[in-house]
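Undergrad:
In my numbering, the protein residues as written are 6 to 625.
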C-alpha cells in the first residue's frame with residue numbers, strides 16, 4: 006500500500022485531478038462543495054494497472070488551510086505537486102513545495118493541469134518556472150507531466166508513471182511499532198467511535214489492545230477498514246479506519262496517536278535539527294514562539310537555540326523545542342514551524358524530553374551531530390552513554406528499527422568491541438548491553454567503591470548486596486546482571502549475601518584474632534547450650550558466619566560450627582531410623598533447655614532440613 010499526497014495553490018485542480026485518476030470525489034464537506042475549495046483532508050483510492058493499491062490524500066491549497074495541508078503531508082510516499090498551467094507557480098505552490106522538502110518527502114511529480122487553456126509557448130514558460138523552483142532541491146529530478154482533466158489528455162500516461170515510481174519505491178517495513186496519527190475521529194451509528202489515519206511502522210489487528218497516547222485512553226480494535234473494505238489486518242502505509250471499543254470520540258483530537266500500550270510516551274521538550282528557509286525574511290531568536298506541525302498535530306513551541314544566539318535565513322542549527330502542551334513524537338520525525346503568516350522552516354526531531362542544555366556546549370553539539378548525521382551504531386552508543394546499560398527492547402523503543410534487525414547490529418558491535426554483552430536474555434528483547442567505555446566506567450566505579458569500603462571496614466567480608474545496589478541506584482535485574490558479569494570476569498566475589506573485590510580477605514588486628522580464638526573456644530566448651538551472654542562485635546560474628554566457623558540460629562543463640570554440624574547429624578540419623586522427632590526429644594537428646602531445642606528446629610525448618618507436621622518434625 007502506498008500513499009500519494011497532493012500539494013499546490015488553491016484552485017489549481019488538485020481535487021479534480023484526484024477524481025480523474027480514481028473516479029472518486031474527495032470534497033466531503035458541504036462547505037467545500039459550496040465554496041469550491043478543500044478545507045479539510047480528502048481521501049480517495051484506486052488500484053493501478055500494475056496491481057498496486059494507492060491511497061490519495063487531497064490537501065487544501067488555500068493559505069488559511071495550510072495547517073490541514075501539513076496534517077496530510079507527513080505520511081506520503083509520493084507528492085503530486087499540482088500547478089495550473091494558466092497561472093504557473095504561485096505563492097502557495099512555493100510554500101507547499103518547501104514544506105514537502107522540510108518533511109523529507111523523497112519523491113514527487115509535477116502535474117501541470119488545465120493545459121487545454123494555454124498554448125505550447127506558454128506551457129514552455131511554465132515549465133521553466135517549475136524547473137527554477139526545483140533547482141538545487143531534494144526533489145530536483147521530479148518529472149513534469151502536462152495534463153487536462155477536461156479532455157483527460159495525459160492522465161493515462163500520468164497514472165502509468167505513478168505506478169512505475171511507486172513500484173521502484175522501498176516497500177513499507179513492519180517493525181512491530183504501529184502508530185497512527187489521528188486525522189479524524191467520529192461516531193458511526195451501529196459501530197461507535199471510528200478514527201482514521203495513515204498507519205506507520207507496524208500492523209494493526211482486530212482484537213488488539215491499543216492506547217491513545219495523548220488522551221491516555223486504552224481500547225481494543227473492534228474492526229478495521231482499508232478502502233471501505235473490512236479487513237482483519239492493516240499493514241504499514243495503509244489508510245485505515247479503526248473502530249474502537251469503549252472510547253468516546255469527543256475525547257479524541259486530531260494529533261492524538263494510536264499505538265501499542267506503553268510503546269510511545271508524551272514529549273514536552275525535544276532536541277531537534279532546524280533548517281530556516283531562505284525565503285524567511287527575519288531572524289529566529291532565542292525563546293521565539295512558533296507554531297509547530299508534526300504528523301497531524303499542531304501546537305505552540307518555544308525555540309531554545311543551542312549553538313548560537315540566532316538563526317538567519319538559510320541557516321541550519323540545533324535547537325530545543327518546548328511545547329505548550331505534550332506531543333507524541335519519535336526520534337527521526339519531521340516537523341515544520343510557522344507563524345500565522347509564514348513557514349519559517351522545519352527539521353528532524355533528534356531526542357525526546359532531554360535536559361536543558363547550556364548554549365554552545367561542545368559535547369552536546371557533538372552528541373546531537375552523531376544523532377543527526379550518524380549511523381544506527383552511533384545513535385545506539387549515544388543512547389547507552391546517556392542511560393547506561395539497557396535491555397535491547399528499551400533501546401528499540403527509541404529507534405525506527407525492528408528488534409531482530411537491531412539485535413544483528415548489536416551483535417556486530419559486540420564482536421567489534423564497541424559494546425559489552427552483560428546478559429544474554431531470552432526473549433531477545435531482555436538482552437542487556439552497554440558501551441565498552443561505559444562498562445569500563447561501571448567497573449572502575451564499583452571497584453573504587455569496594456576499595457573504599459574495604460578500607461573503612463577491613464574485617465567485613467564485603468558489602469551487603471542490597472546496600473551496594475542502593476548505592477549504585479540500579480534495578481534488581483540490572484544489578485544482578487552487572488554483578489554476575491563482574492563475578493564471571495573475576496573482578497568481584499559474590500556470596501549472594503555480600504560483594505567484595507576479587508581475592509579480598511578480611512584483615513584482623515592481633516587483638517581481634519585473640520578475641521575470636523577466645524570466643525570460639527568458649528562456644529565449643531559450652532557445647533549444646535552456649536551462653537547467650539557472650540558478647541562479640543557484630544562485624545566479627547558476620548565474618549565467622551561467612552567462614553563457616555559459627556552458626557547463628559537466632560538473635561541470641563550462636564553455635565560453634567563443629568557443634569552445630571554434630572547436632573544436625575544426630576537429628577538426621579534419628580529421623581532416618583524413627584521417621585519423626587519432637588522438640589522434647591531434641592531437648593532430651595542434647596540435654597539442653599526447650600529454648601535451645603525449639604530455636605534449633607525452627608532454624609532447620611527454615612533451611613529445609615526438616616519439615617514440621619503438627620508437633621513433630623520429619624526429614625524435608
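A virtual CB, placed ideally from N, CA and C, is assigned to each residue, including glycine.
With residue 299 as the anchor, note down where its beta strand (DSSP E) starts and where it stops.
TA: 293-299 is the span of the beta strand (DSSP E), which, as asked, contains residue 299.
Undergrad: Please identify the residue among 451, 522 and 202 whose C-alpha is closest to the C-alpha of residue 497.
TA: Residue 497 has its Cα closest to that of 451, out of 451, 522 and 202.
Undergrad: Count the C-beta pairs between the stretch 93-109 and the stretch 343-353 that are closer than 8 angstroms, then say yes if the count reaches three, no if not.
TA: Yes: the two stretches touch, three or more of their Cβ pairs being nearer than 8 angstroms.
Undergrad: Determine the contact status of residue 229 and residue 249, defining contact as a CB-CB distance below 8 angstroms.
TA: Taking 8 angstroms as the Cβ cut-off, residue 229 and residue 249 do not qualify as a contacting pair.
Undergrad: When the Cβ atoms of the stretch 202-218 are set against those of the stretch 238-257, are three or more pairs found closer than 8 angstroms?
TA: Yes: the two stretches touch, three or more of their Cβ pairs being nearer than 8 angstroms.
Undergrad: Tell me whether residue 27 sits in a helix, a strand or coil according to DSSP, three-state version.
TA: In this structure, residue 27 counts as helix in the three-state DSSP scheme.
Undergrad: Tell me which residues share the same chain as residue 400 and place their Cβ nearer than 7 angstroms to its Cβ, disregarding the 5 neighbours each side in the sequence.
TA: Answer for residue 400: 385, 388 and 411, listed in chain order.
Undergrad: Residues in its own chain within less than 8 angstroms of residue 150 by CB, not counting five upstream and five downstream?
TA: Counting only Cβ-Cβ distances below 8 angstroms, and skipping sequence neighbours, we find 114, 115, 116, 117, 159, 162, 163 and 166.
Undergrad: Should the stretch 461-479 be regarded as contacting the stretch 427-434, the criterion being three or more beta carbon pairs within less than 8 angstroms?
TA: The stretch 461-479, when compared against the stretch 427-434, does not touch it at the 8 angstroms Cβ threshold.
Undergrad: Can you list, in chain order, the residues of its chain with a C-beta nearer than 7 angstroms to that of residue 69? Leave out the 5 residues immediately preceding and following it.
TA: Its pLDDT being 43, under 50, residue 69 is placed unreliably by the model, and the measurement read from it follows with that caveat. Correct list: empty, nothing qualifies.
Undergrad: Using the beta-carbon count (16 or more within 10 Å), is residue 283 buried or exposed?
TA: Exposed, by the Cβ-count rule.
Undergrad: Just curious, the beta strand (DSSP E) that residue 567 is in, first and last residue?
TA: First-last for residue 567: 566-583, but that is the alpha helix (DSSP H), not the beta strand (DSSP E).
Undergrad: Can you look up residue 256 in the DSSP assignment and give me helix, strand or coil?
TA: Looking at residue 256 - three-state DSSP - the assignment turns out to be helix.
Undergrad: Round the Cβ separation of residue 533 and residue 555 to the nearest angstrom and send it over; I've been treating them as touching at under 8 angstroms.
TA: Between residue 555 and residue 533 the Cβ distance is about 14 angstroms, and since that is not below 8 angstroms, they are no contact.
Undergrad: Any idea which residues DSSP pairs residue 395 with across the strands?
TA: Residue 395 is bridged to 438.
Undergrad: Closer than 8 angstroms by C-beta to residue 479: which residues in its own chain qualify, once you throw out the five before and the five after it? Chain order, please.
TA: Same-chain partners within the cutoff: 487.
Undergrad: Straight-line CA distance for residue 347 to residue 285?
TA: The alpha-carbon atoms of residue 347 and residue 285 are separated by roughly 7 angstroms.
Undergrad: Taking C-beta to C-beta, are residue 624 and residue 574 nearer than 8 angstroms?
TA: No; because the gap between Cβ atoms is not below 8 angstroms, this pair is not in contact.
Undergrad: Residue ranges of each alpha helix (DSSP H) run of no fewer than 4 residues wholly in the stretch 399-451, ordered along the chain?
TA: For the stretch 399-451, whole alpha helix (DSSP H) runs of length 4 or above, ordered along the chain, are 408-420.
Undergrad: Count the other CB atoms within 10 Å of the CB of residue 84; is the residue buried (16 or more) or exposed (fewer)?
TA: Per the 10 Å Cβ criterion, buried.
Undergrad: If you measure between the beta carbons of residue 244 and residue 8, is that distance less than 8 angstroms?
TA: Yes, they are a contact pair.
Undergrad: Cutting at 6 angstroms between CB atoms, please list the residues of its own chain near residue 122, excluding the five before and the five after it.
TA: Result list for residue 122: 91, in chain order.
Undergrad: What is the DSSP secondary structure of residue 372, counted as helix, strand or coil?
TA: In this structure, residue 372 counts as helix in the three-state DSSP scheme.
Undergrad: Sort out for me which residues DSSP pairs residue 114 with in a bridge.
TA: The partner list for residue 114 (beta bridge, DSSP) reads 85 and 148.
Undergrad: Thinking just about the alpha-carbon of each residue, which of 425, 381 and 184 is nearest to the one in residue 494?
TA: Out of 425, 381 and 184, 425 has the C-alpha closest to the C-alpha of residue 494.
Undergrad: Are at least three pairs of beta-carbons, each pair with one atom in the stretch 265-273 and one in the stretch 313-322, less than 8 angstroms apart?
TA: The stretch 265-273 vs the stretch 313-322: no contact.
Undergrad: Looking at the structure shown, is residue 462 part of a helix, part of a strand, or coil, going by DSSP?
TA: Residue 462: coil per DSSP, three-state reduction.
Undergrad: Residue 176: which of 613, 6 and 522 sits nearest, CA to CA?
TA: With distances taken between Cα atoms, residue 176 lies closest to 6.
Undergrad: For residue 304, name the three-state secondary structure that DSSP assigns.
TA: Of the three classes helix, strand and coil, the one that applies to residue 304 here is strand, per DSSP.
Undergrad: Which residue comes first and which comes last in the alpha helix (DSSP H) that contains residue 135?
TA: Segment 125-139, the alpha helix (DSSP H) holding residue 135.
Undergrad: DSSP puts residue 10 in a beta bridge; with which residues?
TA: Its beta-bridge partners are 62 and 84.
Undergrad: Which residue wins for smallest C-alpha separation from residue 461, given the options 513, 437, 416 and 419?
TA: Of the listed residues, the one whose Cα sits closest to residue 461 is 513.
Undergrad: Put residue 592 into one of helix, strand or coil per three-state DSSP.
TA: In this structure, residue 592 counts as helix in the three-state DSSP scheme.
Undergrad: Please state the DSSP three-state secondary structure of residue 277.
TA: Correct three-state label for residue 277: strand.
Undergrad: Between the stretch 360-376 and the stretch 127-146, do at least 3 Cβ pairs fall closer than 8 angstroms?
TA: No: the two stretches stay apart, fewer than three of their Cβ pairs being nearer than 8 angstroms.
Undergrad: I need the boundaries of the beta strand (DSSP E) containing residue 339, first residue and last residue.
TA: Where residue 339 is concerned, the enclosing beta strand (DSSP E) stretches over 339-343.
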